[in-house]
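*Asks:* Chains as they are written, first to last, in our numbering: chain C, 283 to 376; chain Y, 228 to 432; chain U, 46 to 577; chain S, -16 to 288. Beta carbons are placed, not taken as given, at the ideal position from N, Cα and C, and that holds for glycine.
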Amino acid sequence: MANNGSHITEYRVLAKILLILMFCTFLTISVTSFHLGALTVTVALLIAGFKSFLVLSYFMHLKYESLLLRILVSMVFVLFIVIVLITFIDYSFR
Amino acid sequence: MSEHNTHIEEHRDDEASKLGMWLFIFTELLLFGGLFLVYSIFRLQYPANFHESSLELSVTIGVINTIALLFSSMTIAFAVTAVQKKNNKLALRMIGITLLMALVFLVNKYFEWGHKFEHGLYPGSDLMQLLERGHHLYFSLYFFMTGLHALHIIVGMILLIIVYFKVKNGSIHHEKYVFMENGALYWHLVDLIWIFLFPLLYLIS
Amino acid sequence: MNNTEYISFMDHQGKYKGIFAWIFSTDHKRIAFLYMYAIATFFLVGAILGLLMRFELIAPGETIMKPQTYNGLFTVHGIIMIFMVVIPGLSAVFGNFFLPLHIGAKDVAFPKLNLFSWYLFMFGSILAIASQLLKSGPPDTGWTFYAPYSTTTGTNVITATTAAFILGFSSILTGLNFIVTVHQMRAPGMKFFNMPLFPWSIYATAWIQLLATPVVGITLVMLIAERLFGIGFFNPDLGGDPVLFQHLFWIYSHPAVYIMILPAMGVITEIIPTFCQKRVYGYKAIAMSSLAIAGVGFLVWGHHMYTSGMSNQARWFFSLLTFIVAVPSAIKVFNWISTMYKGSIDMKPPFVFALAFIFLFMIGGLTGLILGSVATDIQVHDTSFIVAHFHYIIFGGMGFAFFAAIHYWLPKMYGKMYNFKRANIAAISLFIGFNLLYFPQFIIGIQGMPRRYFDYLPRFQWAQVISTIGGVILVSAIILMIYNLVMGVRKGAKAPANPWHGSTLEWTIPSPPSLENFDEAPFVKENPYDYN
Amino acid sequence: MFSNNSNFVHGVDTAFLLIFGIAIFFLIMLTTIMIVFVIKYNKKRHAKAVQIKDSSKLEIVWTTIPLILVLLMFYFGWRGFIPMRNAPADAMQVKAIGRMWKWTFEYPGKKQSDTLMLPINKAVKMSLFSKDVIHGFSIPDFRVKEDVVPGKNNYTWFIPEKLGNFDLFCSAYCGLSHSYMLALVRIVPEDEFNTWLAALPVKKSDDNNEGFKILEKNGCFSCHSTDGRKIIGPSFKGIYGSSHDVMTDGVSRKITVDSLYIQTSILDPNKDVVVGFPQGVMKSYKGIIRDKDIPKVIEYFKNLK
Ligand code: HEA
Ligand code: HEA
Ligand code: CUA
Ligand SMILES: [Cu+2]
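1. For the stretch 89 to 148 of chain S, list the beta strand (DSSP E) runs that are entirely contained and at least 3 residues long, ordered along the chain.
2. So which residues on chain C does histidine 546/U lean against when the C-beta distance must stay under 8 Å?
3. Give a single yes or no on whether glycine 441/U has its beta carbon closer than 7 Å to a heavy atom of ligand 1.
4. Going by beta carbon distance, what residues of the same chain come within less than 6 Å of methionine 385/U, once the five residues before and after it are set aside?
5. Just the residues with CB closer than 5 Å to a heavy atom of ligand 3, in chain order, which are they?
6. Kindly examine ligand 2 and report whether one of its heavy atoms sits closer than 7 Å to the Cβ of leucine 525/U.
7. Within the same chain, show all residues whose beta-carbon is closer than 8 Å to that of aspartate 353/Y, passing over the 5 residues directly before and after it, in chain order.
8. List the DSSP bridge partners of tryptophan 86/S.
9. Is methionine 81/U near ligand 2, going by C-beta to nearest heavy atom under 7 Å?
10. Use the C-beta contact count for tryptophan 620/U: other C-beta atoms within 10 angstroms, 16 or more gives buried, fewer gives exposed.
11. Say yes only if the C-beta of threonine 239/S is nearer than 7 Å to one or more non-hydrogen atoms of ligand 1, and no if none qualify.
12. Using a 10 Å radius around the Cβ and a threshold of 16 neighbouring Cβ atoms, would you call alanine 181/S buried or exposed?
13. Considering only C-alpha positions, which residue in the set Leu102/U, Ser474/U, Phe128/U is nearest to asparagine 116/U?
14. Mark serine 226/S as exposed unless 16 or more other C-beta atoms lie within 10 angstroms of its C-beta, in which case mark it buried.
15. Going along the chain, which residues of the stretch -2 to 26 of chain S sit with their C-beta nearer than 7 Å to a C-beta in chain U?
16. Using 7 Å as the cut-off, classify the Cβ of histidine 73/U as near or not near the heavy atoms of ligand 6, replying yes or no.
17. Give the interface partners of threonine 307/C over in chain U, defined as CB-CB distance under 9 Å, in chain order.
18. To which residues of the same chain is leucine 309/C closer than 7 Å at the C-beta, ignoring the five residues directly before and after it?
19. Measuring alpha carbon to alpha carbon, tell me which of Glu315/U, Ala104/U, His546/U, Phe274/U ends up nearest proline 503/U.
20. Have a look at proline 541/U and leucine 94/U and give me their C-alpha separation to the nearest angstrom.
21. What would DSSP say about valine 171/S, mapped onto helix, strand or coil?
22. Label serine 356/C either buried or exposed according to how many other C-beta atoms from any shown protein chain fall within 10 Å of its C-beta, with 16 as the threshold for buried.
23. Quick one: what's got a C-beta closer than 7 Å to isoleucine 316/U's C-beta in the same chain, skipping five residues either side?
24. If we ignore side chains and look at the alpha-carbon of each, how far apart do tryptophan 179/S and leucine 289/U end up?
25. Compute the Euclidean distance between the alpha carbons of methionine 304/C and leucine 255/U, then round it to the nearest angstrom.
26. Within the 8 Å Cβ cut-off, does serine 420/Y reach chain U?
27. Mind listing which residues of the stretch 299 to 331 of chain Y have their C-beta closer than 7 Å to chain C's C-betas, in chain order?
28. What are the boundary residues of the alpha helix (DSSP H) that includes serine 246/U?
29. I need the DSSP call for glutamine 76/S, collapsed to helix, strand or coil.
30. Report yes if the CB atom of threonine 322/C is closer than 8 Å to the CB atom of threonine 314/C, and no otherwise.
31. Taking buried to mean at least 16 other C-beta atoms within 10 Å of its own C-beta, is glutamate 561/U buried or exposed?
32. In terms of alpha-carbon separation, which member of Phe204/S, Ile222/S, Gly221/S lies closest to isoleucine 214/S?
33. How long is the line joining the alpha carbons of leucine 282/Y and leucine 375/Y, rounded to whole angstroms?
34. So proline 274/Y contacts chain A; which residues on that side make the cut at Cβ distance below 7 Å?
35. Mind reading off the beta-carbon distance from tryptophan 245/U to glycine 311/U? Whole number of angstroms is fine, and I expect it under 8 Å.
36. Can you pull the chain S neighbours of tryptophan 361/U, defined as C-beta to C-beta under 7 Å?
Written out as structure tokens, the structure is:
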């Protein structure tokens, strides 16, 4: 974080990211209108995960932050996923 | 020295404020995390009901709102870049657009909710009590999650309005913009949550 | 900046006078005092409620109160003790005061936020106390607020849960503040592994506060929404799932028990090397075990729900992880005892309290193993065995650590010294009273005496009588201890800068510290417990 | 311990003994070491501390040993527990119905009893139902405990192996009279059980009365009896048309029970509080009992003579 704020994300990059995000949104909509069964929610979540990765990395400048912060952010997501999975151990085996 | 002041003069530590903001975002993520957990458990138990209920929502409104938020997320990032590049005028315009998008989102939400209310579908209504379990849970979650999210939008807007005036009067500028960065981070958080809310509430099959 | 004249932070003249010099102060030391006086008051209130319950239980049948009163009592006792005393307790009082001193900082990272947390804390506490007094009567759900009882009872549940929510928010902000402080405010040259172990434990605690509290926050909001609008998340009549509430509640509240104990362990880790004049044994192991407890502690919440009808897979999974999380605690105990090996032990009151802590914590923790194992927990779940387990580990652990800490740091905080002999007598009678009070509860717990029982079968009475007697001894000891401390502060001898020959940074500055803490950049040792 | 009251006692108590054994061993060992150190290395005898270097080998040793021990405890605890989840298919089925603050046991053929009468040495599977909030089905002598969760069909099973009377507690906190929610478990020889069961009356059928169903569904009978007994609230017997004193805003007045009064009593029970009963115990059923159902309840009351 020593180079705090010195990094400037170019407009061009931001605009590109927006385009990708929009594309992903339409991808999600079209995917969910097919009937892939249980897969749809997985695909939808994967796409959403990818989108949030982009937002975090570029819009929120995480890509240019210190390694420590990046690790912390990923830990939070991992923690949440683990908690959900553990709760599912209860509910999916009832 | 500090005769007039009970405390050492506030020293400025941008990194500290930014780290603080990130930590705050963590708590917000887990706050919604609890709701997502509830959602996923109930969806696991009532998949069919959730699907049927989601058909009641208008995907079009959802898409418009998604686009509005994604776009606003980009404009606020633009605004930060603009301030870094000493282009305060552009920054102001970008913040303005962001706020406009936020307003679009809220107005949309207002009509969406209003529509449901007209049909007698709101928390605690008689109709809600009559619904099947899965439907009842879906709509409870729908109102709770989108409501909390809308609340965050409003808080975000207030933050951005403050940012707007600070940029305008020059207290945010290319060497001192951590407050703006934090405001923008908060706004992106709002967007981040919507990225998950949208497919989970509107697109269930 | 470089003023040669030393003025203690207590005498410092600021912008405000009188009480405002305290309640508007953003100095971490003054805020620590604000917390301490508030928490001590709440502790006494909660303790008196505890004692009233003991008098009710001295004989079967109605003794001094009605069942409804009793149910309100243990609920409010639990809420006060958990949310207002032990969760903020050590980290808000001693963390606030000594975290910056230990890492050589002038203050925490966000002093104003720190003061704001205190205001939130007071606001939440006042609401919690109001819930006791308002019209519909004190909440009667137990501190766990289990649905659907909590969504249907007519008492002030909304006030109490709102209070818990606000207290949680205060806790989050304190945690946030401390994490940033540890990352950003360390003295030049101080690396993570040059920090004393108290900051380490506060740091681990802060992460739990930050990440676990929001979950209970949202859960309580859902509960409130359920009561207000009939949104049915937890009430099966409305389509909800009561077991889900338990999951969400314990996802926070299990990690929360480590919020209580980690700072206590940190305090003990400071006291033992000082009174043995010996470098702490296994510095890295202790530091890492704090992080391990914090991390694994997030994954074991289901051990409170073995009888709730969870799936069998979940039951063994949680049982296994519960056992794993006990190991880092064992490592700490081993390292503390090894630190005493070949030390030069000085039996001053803080050390006596620390020894009592280790013993009581071992009993509390080892009985935790009984609870972690599914078969045995089935037998003792929701019996007074649980009550004994957590009083041993919370009061015997965190409570005794608090007493140890105040005896250890009082000279630094007030610049005054108390009477050692009286302190030792208080410590020993506390220890005796404590064991009399809670040990019998283990035995009748195994025999099946359920908890939260206003009335009980006559065959359990012998234990209840012993408990009540122990409670009275305990109260007398606490009164003696408080009297001794107050007398010390008011009339005691002046304390030197380093009465115990401690090695950490707080002992290098005058007692009490000046407003700025360190007049010049502190000298950072390679190992904070270097006695050579 | 090892009283052999039921088939689970052995497994549970083995786990108990193992964990207690290890725990007591560590407690005594560590306490002794601590005391020895405190005496031996006291300042008076040992004026200068010896600084000792950390040893990772030692740290590893005392991480591994507890780890192995806790895994052992886990194993025994789990082994004692598995049988509790595997009820034999031919077990006798009994329904335990928990409601505020009373247990009812329903045997095959809709026969109901307040005592849990069971034949010795026969497996019984208890299906646990709650009418209102969470209760806990707990028989400590049998090492049996499972929560009775509304809307969720939990179960537990066991084989009683000793004749006699045992206590059944409600272990999960369920409100005002939680501590009085006890029941008697009687284990008797099989033929005695059979005669008893044969003589047990079939539950009388109020079932088809709509008002009754509403009251039952909302758990009103946990506080109000229909036979004149006073439980928590006044009995419903002969309630309609009777007259008694109530406190309204702290003022005592006499009322006669009519439809309007019953409606207020259900929707806003704290408005008129019957003298001699606590305020705030009965909650408002606004939004829970629908307005159109209240006349049915009143109709039912009218016939309760
Ligand atoms: C400060 C608070 C605190 C702490 C630190 C702990 C620590 C532990 N707790 Fe406790 N617990 C509570 C507070 C706490 N608990 C509370 C408040 C409740 C009741 C809540 C309610 O329902 O109201 C509760 C309830 C509770 C339950 C649920 C019981 C039930 O309701 O059925 C369980 C079950 O597993 C449990 C287990 C443990 C374990 C395994 C530890 C472990 O972390 C302990 C580790 C410590 C040691 C093991 C001792 C030291 C080590 C040695 C002496 C070396 C030898 C060790 C080995 C060989 C392993 N606790
Ligand atoms: C920090 C945590 C903490 C502490 C310190 C205590 C302290 C005490 N508690 Fe505890 N207790 C809890 C946390 C704590 N408790 C929790 C979380 C529950 C569960 C609630 C639930 O089920 O929901 C519980 C439940 C609980 C029960 C079980 C209720 C039941 O299940 O039926 C009982 C019963 O005896 C009890 C008793 C006591 C007593 C006698 C003390 C004593 O140790 C206190 C003694 C100290 C004093 C009394 C202070 C001295 C007083 C003065 C100096 C002032 C002068 C006072 C007089 C003259 C009266 N508590
Ligand atoms: Cu039923 Cu407690
Ligand atoms: Cu726990």
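*Replies:* Quick look at the numbers:
1. Those beta strand (DSSP E) runs which fall completely within the stretch 89 to 148 of chain S and span 3+ residues are 94 to 96, 99 to 102, 107 to 113, 118 to 122, 127 to 131, 137 to 141.
2. In the third sequence, counting from the first residue as 1, residue 546/U sits at position 501. Here the premise fails: no neighbours, minimum Cβ distance about 36 Å.
3. Against the third sequence, residue 441/U aligns to sequence position 396. Here the distance from the Cβ of glycine 441/U to the nearest heavy atom of ligand 1 is not below 7 Å.
4. Along the third sequence, read from residue 1 onward, the residue named residue 385/U stands at position 340. Hits under 6 Å: Cys321.
5. With the cut-off at 5 Å, the residues found are His118/S, Cys153/S, Cys157/S, His161/S, Met164/S.
6. Start at 1 with the first residue of the third sequence, and residue 525/U comes out as number 480. Not so, every heavy atom of ligand 2 lies at least 7 Å from the Cβ.
7. Translated into positions along the second sequence, residue 353/Y becomes position 126. So the qualifying residues of the chain are Gly347.
8. Position 103 of the fourth sequence, counted from the first residue, corresponds to residue 86/S. According to DSSP, which records beta bridges pairwise, tryptophan 86/S is partnered with Gly81/S.
9. Locating residue 81/U in the third sequence gives position 36, counting from the first residue. No, ligand 2 has no heavy atom inside 7 Å of this Cβ.
10. In this structure chain U extends from 46 to 577, so residue 620/U is not present and cannot be described.
11. Within the fourth sequence, the letter at position 256 stands for residue 239/S. Every heavy atom of ligand 1 is 7 Å or more from the Cβ of threonine 239/S, so no.
12. Position 198 of the fourth sequence, counting from 1, holds the residue named residue 181/S. Counting the other CB atoms within 10 Å of its CB gives alanine 181/S a total below 16, which places it among the exposed residues.
13. Along the third sequence, read from residue 1 onward, the residue named residue 116/U stands at position 71. Here the closest residue by C-alpha is Leu102/U.
14. Counting from one through the fourth sequence, the residue named residue 226/S turns up at place 243. Serine 226/S comes out exposed.
15. Listed in sequence order: Ala(-2), Phe(-1), Ile2, Ala6, Phe9, Leu10, Leu13, Thr14, Ile16, Met17, Phe20, Val21, Tyr24, Asn25, Lys26.
16. For the structure depicted, ligand 6 is absent and the ligand set comprises only ligand 1, ligand 2, ligand 3 and ligand 4.
17. Here residue 307/C refers to the residue found at position 25 when the first sequence is read from its first residue. In chain order: nothing, as chain U lies at least about 27 Å away.
18. For this step, residue 309/C is matched to residue 27 along the first sequence. In the same chain as leucine 309/C, and ignoring 5 residues on each side of it, the C-beta atoms closer than 7 Å to its own belong to Ile329, in chain order.
19. Locating residue 503/U in the third sequence gives position 458, where the first residue counts as 1. Ranked by how close their Cα comes to the Cα of proline 503/U, the residues Glu315/U, Ala104/U, His546/U, Phe274/U have Ala104/U in first place.
20. In the third sequence, the residue the question calls residue 541/U occupies position 496. In the third sequence, the residue the question calls residue 94/U occupies position 49. Here the C-alpha atom of proline 541/U lies approximately 39 Å from the C-alpha atom of leucine 94/U.
21. Within the fourth sequence, numbered from 1, the residue matching residue 171/S stands at position 188. Here valine 171/S sits in strand by DSSP.
22. Sequence index remark: in the first sequence, residue 356/C carries index 74 (1-based). Under the 10 Å beta carbon count, serine 356/C is surrounded by fewer than 16 other beta carbons and is classified as exposed.
23. To locate residue 316/U, count along the third sequence from 1; it is residue 271. Scanning its chain for C-beta atoms nearer than 7 Å, with the 5 sequence neighbours on each side dropped, one finds around isoleucine 316/U the residues Pro395, Phe396, Ala399, Ala449, Tyr453, in chain order.
24. Here the question's residue 179/S lines up with position 196 in the fourth sequence. Here the question's residue 289/U lines up with position 244 in the third sequence. Roughly 41 Å separates the two Cα atoms.
25. As a working mapping, residue 304/C is identified with position 22 in the first sequence. As a working mapping, residue 255/U is identified with position 210 in the third sequence. A straight line joining the alpha-carbon of methionine 304/C with that of leucine 255/U spans about 33 Å.
26. Position 193 of the second sequence, counted from the first residue, corresponds to residue 420/Y. The question names serine, but residue 420/Y in the sequence shown is isoleucine. Not flagged as an interface residue toward chain U: isoleucine 420/Y, since no C-beta distance is shorter than 8 Å.
27. Residues of the stretch 299 to 331 of chain Y with a Cβ closer than 7 Å to any Cβ of chain C, in chain order: Ser300, Met301, Ala304, Phe305, Thr308, Gln311, Lys312.
28. The count along the third sequence starts at 1 and reaches residue 246/U at position 201. Unbroken alpha helix (DSSP H) run through serine 246/U: 242 to 274.
29. Taking the first residue of the fourth sequence as 1, we reach residue 76/S at position 93. Correct three-state label for glutamine 76/S: strand.
30. Taking the first residue of the first sequence as 1, we reach residue 322/C at position 40. Taking the first residue of the first sequence as 1, we reach residue 314/C at position 32. In this structure, threonine 314/C lies closer than 8 Å to threonine 322/C by Cβ.
31. Counting from 1 along the third sequence, the entry for residue 561/U is found at position 516. Around the beta-carbon of glutamate 561/U, 16 or more other beta-carbon atoms lie within 10 Å, marking it buried.
32. As a first step, residue 214/S is located in the fourth sequence; it is residue number 231 there, counting from the start. Per the Cα distances, Phe204/S.
33. For the purposes of this step, residue 282/Y is taken as residue 55 along the second sequence, with counting starting at 1. For the purposes of this step, residue 375/Y is taken as residue 148 along the second sequence, with counting starting at 1. Using only the alpha carbons, I get a separation of about 22 Å.
34. You won't find chain A in this structure, because its protein chains are C, Y, U and S.
35. Sequence index remark: in the third sequence, residue 245/U carries index 200 (1-based). Sequence index remark: in the third sequence, residue 311/U carries index 266 (1-based). With 8 Å as the limit, tryptophan 245/U and glycine 311/U qualify as a contact, their Cβ atoms being about 7 Å apart.
36. Taking the first residue of the third sequence as 1, we reach residue 361/U at position 316. Going along chain S in sequence order, the residues near tryptophan 361/U (Cβ under 7 Å) are Trp61.
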